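See below for the structure under consideration.
Protein chains: 2
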Amino acid sequence: MRWTDGFIAVDWGTTNRRAYLVDGSSKCTQEFEDAKGVLSVPSGGFLAAVAEIRERLGDKPLLLAGMVGSNRGWVEAPYVACPAGIEELVSGLAGPSDREVIVPGVKDDANGRADVMRGEEVQLLGAIASGQVDPDALVCHPGTHNKWVVVRNGRIESFRTVMTGELFSLLKAHSILSDLLGGEVELGDAFREGVGVGLSSQDLPAELFSVRARVLLGKASRENAASFASGLLIGTDVRIGLSYPTSAQITVMGRPDLTSLYSAAIAAANRTATEVDGERCFLAGVVKIAEAMQ
Amino acid sequence: MRWTDGFIAVDWGTTNRRAYLVDGSSKCTQEFEDAKGVLSVPSGGFLAAVAEIRERLGDKPLLLAGMVGSNRGWVEAPYVACPAGIEELVSGLAGPSDREVIVPGVKDDANGRADVMRGEEVQLLGAIASGQVDPDALVCHPGTHNKWVVVRNGRIESFRTVMTGELFSLLKAHSILSDLLGGEVELGDAFREGVGVGLSSQDLPAELFSVRARVLLGKASRENAASFASGLLIGTDVRIGLSYPTSAQITVMGRPDLTSLYSAAIAAANRTATEVDGERCFLAGVVKIAEAMQ
Chain A
50 MRWTDGFIAV DWGTTNRRAY LVDGSSKCTQ EFEDAKGVLS VPSGGFLAAV
100 AEIRERLGDK PLLLAGMVGS NRGWVEAPYV ACPAGIEELV SGLAGPSDRE
150 VIVPGVKDDA NGRADVMRGE EVQLLGAIAS GQVDPDALVC HPGTHNKWVV
200 VRNGRIESFR TVMTGELFSL LKAHSILSDL LGGEVELGDA FREGVGVGLS
250 SQDLPAELFS VRARVLLGKA SRENAASFAS GLLIGTDVRI GLSYPTSAQI
300 TVMGRPDLTS LYSAAIAAAN RTATEVDGER CFLAGVVKIA EAMQ
Chain B
50 MRWTDGFIAV DWGTTNRRAY LVDGSSKCTQ EFEDAKGVLS VPSGGFLAAV
100 AEIRERLGDK PLLLAGMVGS NRGWVEAPYV ACPAGIEELV SGLAGPSDRE
150 VIVPGVKDDA NGRADVMRGE EVQLLGAIAS GQVDPDALVC HPGTHNKWVV
200 VRNGRIESFR TVMTGELFSL LKAHSILSDL LGGEVELGDA FREGVGVGLS
250 SQDLPAELFS VRARVLLGKA SRENAASFAS GLLIGTDVRI GLSYPTSAQI
300 TVMGRPDLTS LYSAAIAAAN RTATEVDGER CFLAGVVKIA EAMQ
């Protein structure tokens, strides 16, 4: 079987999946996205879930990445250790057959650290392969769990996860701040004020309560609370990421609405960042993996 | 009306209320607790809610503290500013009549700060009045929202709220850590390890993700995750509290299960703390307020 004759790549996450048909010249000719994430697949249901993808995109070999390779997915593809590049990912490929291959996640467990990623590594290495991220860089990959990744010689050298997106969602949905955080987050003065606090304060769980106290005491408007709180969390996140001792170029990779907020927070810390749309890097990553499998 | 002839004091919080009948010699002769917190009282329902208390404890004047004086309560009793002692609380009493009097909360809004408390001030000033807390002290009052309070000359000089209890509850109920945090928190090695990280790290939203990664990578047991995460949050909280530049004696006031955890974390930071049961201090506080109203 030659993978370079064309294949289907799937970015299969916890709640969504996105499938791409890649032809023999490495172009994506067809794609679809649906809500059939890993958690929605019943026990023993992956064969049917995969057959459905082939019905839509053709009877091609499948390259699967993301939570589909976790202990809650189809077949577990154990984490490969840092430093990890395309070659290490290929050496860790798993799967039920040689026509359904699953990309492993990456772990950083050196020097007492403990961190994991699964899915982001394909986007990231794809961005390097396609020249959108330097082979020596600091990459910020915001989302539910932001990843700060030190890239060296084109490989993932070390990384750290910050729970920023999930914390904001929890506070918005379930906390004493809920009635203040319903508004839109805007890249304006309130966001920048929050960023300033997050960059300089080491006391996040105290600063979070001040979001409420500031409004109660008339020191800030209710309308700006969501933007301030988002700035506070993202500023804290950027302070943590920039503690990596590297002066490498920073790239923020992800959804454009998030990369613009992170980029502004990084600028407030007197560094500059370029922004890259993460989804398109996934394709570059799977093509590189398919080539290396020959 | 002489308040020293006896009165009813109510610690009326968001979800619960606790009422005490105090006789002419300042002794509590009867008390009850129920789930009729401020949020359960319908609009216009406070007269009925108060009548019910008098039916059970007698037709006495009422001294009410806690969220009943907030903008979600019966009658708003605006926050009095720091420094605040019994005298300042009495000067800020509000209420619908002179037989139903509501104790104000306290705000700390000096030098750009923004913080509020409502309910803890009565316990705290009661503890000072009854000699359980020094007139110059650093008081830690754990709960949903922990308060670190600098007490000087018997008054609340400054304070800071840390959302430790609420963050732990949110993470346990709704986050990616939920399936790890269901166990009991125990004052053992895993708790102490978390405290150590919280005291030394400034990166809480990253350390929280490591709770999961440590288990996935086999570096920590699933059974110990709740204790480790609690230690991480409480260690962070203690680091924040001890950043107050004071060498005063530390008292931890609250529920004994919480004060023992905080006391251990404070010991890990090479300070010592005495523990006080907060609920009993409330009575000392309301008696002092009633005396000052004469």
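Heads up: the sequence lines are chains A and B, in that order.
For what it's worth, our numbering labels the leading residue of the first sequence as 50, then goes sequentially.
For what it's worth, our numbering labels the leading residue of the second sequence as 50, then goes sequentially.
Virtual Cβ for every residue (Gly too), placed ideally from N, Cα, C.
Remember, it's a predicted structure, so these values are computed and weren't measured experimentally.
Query                                                                                                                                                                                : Result
Under 8 Å Cβ-Cβ, which residues of chain A neighbour H223/B?                                                                                                                         : L219, A222, H223
Between which two residues does the beta strand (DSSP E) containing Q79/A stretch?                                                                                                   : 77-83
Can you round the beta-carbon distance between L70/B and E80/B to whole angstroms, since I take them to be within the 8 Å contact cut?                                               : 7 Å
V165/B CB to nearest chain A CB: under 8 Å?                                                                                                                                          : yes
Look up Y69/B in the DSSP assignment and give the residues it is bridged to.                                                                                                         : A58/B, E80/B
Give a yes or no on whether 8 Å exceeds the smallest Cβ distance from E340/B to chain A.                                                                                             : no
For V198/B, which residues in the same chain have their Cβ closer than 7 Å to its Cβ, ignoring the five residues on either side in sequence?                                         : L173, V188, H190, I205, F208
Would you give the residue range spanned by the beta strand (DSSP E) that H190/B belongs to?                                                                                         : 186-190
Determine which residues of the stretch 254-271 of chain A have a Cβ less than 7 Å from any Cβ of chain B, and write them out in chain order.                                        : P254, A255, L257, F258, S259, A262, R263, L265, L266, K268
List, in order along the chain, the chain A residues whose C-beta lies closer than 7 Å to that of T285/B?                                                                            : P254
Can you give me the Cβ contacts of W123/A inside the same chain, cut-off strictly under 6 Å, excluding the 5 residues immediately before and after it?                               : F95, V117
For T63/B, list the residues DSSP reports as bridge partners.                                                                                                                        : Partner(s): none; T63/B has no beta bridge.
With DSSP as the reference, label S89/A as helix, strand or coil.                                                                                                                    : helix
First and last residue of the alpha helix (DSSP H) that includes K109/B?                                                                                                             : Counting along the chain, K109/B falls outside any alpha helix (DSSP H), and DSSP gives it neither H nor E.
Which residues mark the beginning and the end of the beta strand (DSSP E) in which K337/B is found?                                                                                  : No beta strand (DSSP E) holds K337/B; the alpha helix (DSSP H) holding it covers 327-341.
Check the Cβ of R241/B against every Cβ in chain A and list those closer than 8 Å, keeping chain order.                                                                              : In chain order: nothing, as chain A lies at least about 16 Å away.
Check whether the Cβ of R209/A lies closer than 8 Å to any Cβ atom in chain B.                                                                                                       : yes
In whole angstroms, what separates the C-alpha of T53/B from that of A143/B?                                                                                                         : 19 Å
Once DSSP output is grouped into helix, strand and coil, what is the label at T210/B?                                                                                                : strand
How should L88/A be labelled, buried or exposed, when 16 other C-beta atoms within 10 angstroms of its C-beta is the threshold for buried?                                           : exposed
Using a beta-carbon distance cut-off of less than 7 Å, what residues from the stretch 189-200 of chain A approach chain B?                                                           : H194
Let me know the beta strand (DSSP E) ranges lying completely inside the stretch 131-199 of chain A, each 3 residues or longer, listed in chain order.                                : 143-146, 149-151, 155-157, 164-166, 186-190
D326/B and P305/B look like a contact to me (Cβ under 8 Å); what is the Cβ gap, rounded to whole Å?                                                                                  : 6 Å
So the candidates are G141/B, R162/B, N160/B, D147/B; which of them puts its Cα closest to the Cα of G154/B?                                                                         : G141/B
Under 8 Å Cβ to Cβ from S218/A, same chain only, skipping five residues before and after it: list those, please.                                                                     : T193
Take Q181/A as the anchor and find which of K221/A, T323/A, R261/A has the nearest alpha-carbon.                                                                                     : T323/A
With DSSP collapsed to three states, give me the class of A101/A.                                                                                                                    : This sequence places Glu at residue 101/A; Ala is not what is there. DSSP places E101/A in helix when its eight states are reduced to three.
Confirm, please, whether the CB-CB distance from S119/B to R167/B is below 8 Å.                                                                                                      : yes
In whole angstroms, what is the alpha-carbon distance linking D158/B and Q343/B?                                                                                                     : 30 Å
Just grab the DSSP bridge partners of Q298/A for me.                                                                                                                                 : A186/A
Could you name the residues of the same chain whose beta carbon sits closer than 8 Å to that of L220/B, not counting the 5 residues immediately before and after it, in chain order? : L226, S227, L230, L257, A278
Using the beta-carbon of each residue, which ones in chain A are nearer than 7 Å to I315/B?                                                                                          : Chain A residues near I315/B: none, gap ~17 Å exceeds 7 Å.
In whole angstroms, give me the CA-to-CA distance for D164/B and Y128/B.                                                                                                             : 10 Å
Going along the chain, which residues of its own chain have a beta-carbon closer than 7 Å to the beta-carbon of I283/A, five neighbours each way excluded?                           : T213, V244, G247, L310, Y311, A314
Could you say which of L281/B, V139/B, Q251/B lies nearest to A114/B if we only look at CA atoms?                                                                                    : V139/B
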